[in-house]
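Participant: Here it is, the structure, as structure tokens.
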Amino acid sequence: MALHQREATPFLYPTTDWPVSTVGVQPPSEASLSASMPSLDAMIQAAGMPVTQLVELAATGIGQALDGRELSKWELGAELGKRAVLVEIPG
Numbered sequence: 019m020a021l022h023q024r025e026a027t028p029f030l031y032p033t034t035d036w037p038v039s040t041v042g043v044q045p046p047s048e049a050s051l052s053a054s055m056p057s058l059d060a061m062i063q064a065a066g067m068p069v070t071q072l073v074e075l076a077a078t079g080i081g082q083a084l085d086g087r088e089l090s091k092w093e094l095g096a097e098l099g100k101r102a103v104l105v106e107i108p109g
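In this text, residue positions in the sequence shown follow my numbering: the first is 19, and each later residue adds one.
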């Protein structure tokens, strides 16, 4: 599975369909990817890693959470919460 986030809503695609489903959609650079998620700026800065790496971690977490299971959006959120690393965001 591959993850793409648009307007704070994750979209899941079978990995084989990823290139077809997202041609021209994914921001072309680290800066533009970060700019596409302005509400996450504080979290991205607090994490201290590139946003592309955070997206990869989220995609990996989703793959592990699903692992042969079907989950509702809320169940998936709860599973991802169990795997999350807590980062204190100043302010």
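Glycine included, each C-beta is placed from N, C-alpha and C at the ideal position.
This one's a predicted model, so the numbers in the text were calculated from it and none came from an experiment.
1. Assuming contact is defined by CB atoms lying nearer than 8 Å, are P45 and S54 in contact in what I supplied?
2. Give the DSSP-derived three-state secondary structure of D59 in the structure shown.
3. Closest by CA to A77, which one among A102, Q63, A49?
4. Less than 8 Å between the C-beta atoms of L72 and I62, yes or no?
5. Measuring straight from C-alpha to C-alpha, what distance separates S52 and R87?
6. Indicate the three-state DSSP secondary structure (helix, strand or coil) for E88 in the structure shown.
7. In the DSSP assignment, the alpha helix (DSSP H) including S54 goes from what residue to what residue?
8. Return helix, strand or coil for G81, following the three-state DSSP convention.
Facilitator: Walking through what the data contain:
1. By 1-based counting over the sequence shown, the position of residue 45 is 27. By 1-based counting over the sequence shown, the position of residue 54 is 36. Against a cut-off of 8 Å, the Cβ pair of S54 and P45 comes out as a contact.
2. Along the sequence shown, read from residue 1 onward, the residue named residue 59 stands at position 41. Three-state DSSP puts D59 in a helix.
3. As a position in the sequence shown, residue 77 is number 59, starting the count at 1. Selected option, being the one with the closest Cα: A102.
4. In the sequence shown, residue 72 corresponds to position 54, counting from 1. In the sequence shown, residue 62 corresponds to position 44, counting from 1. Their beta carbons are under 8 Å apart, which means L72 touches I62 by this criterion.
5. For the purposes of this step, residue 52 is taken as residue 34 along the sequence shown, with counting starting at 1. For the purposes of this step, residue 87 is taken as residue 69 along the sequence shown, with counting starting at 1. For S52 and R87, the distance between alpha carbons rounds to 30 Å.
6. Sequence index remark: in the sequence shown, residue 88 carries index 70 (1-based). Coil, per DSSP.
7. On the sequence shown, position 36 is the one that residue 54 refers to. Per DSSP, S54 belongs to no alpha helix (DSSP H) and is neither H nor E.
8. As a first step, residue 81 is located in the sequence shown; it is residue number 63 there, counting from the start. Helix at G81.
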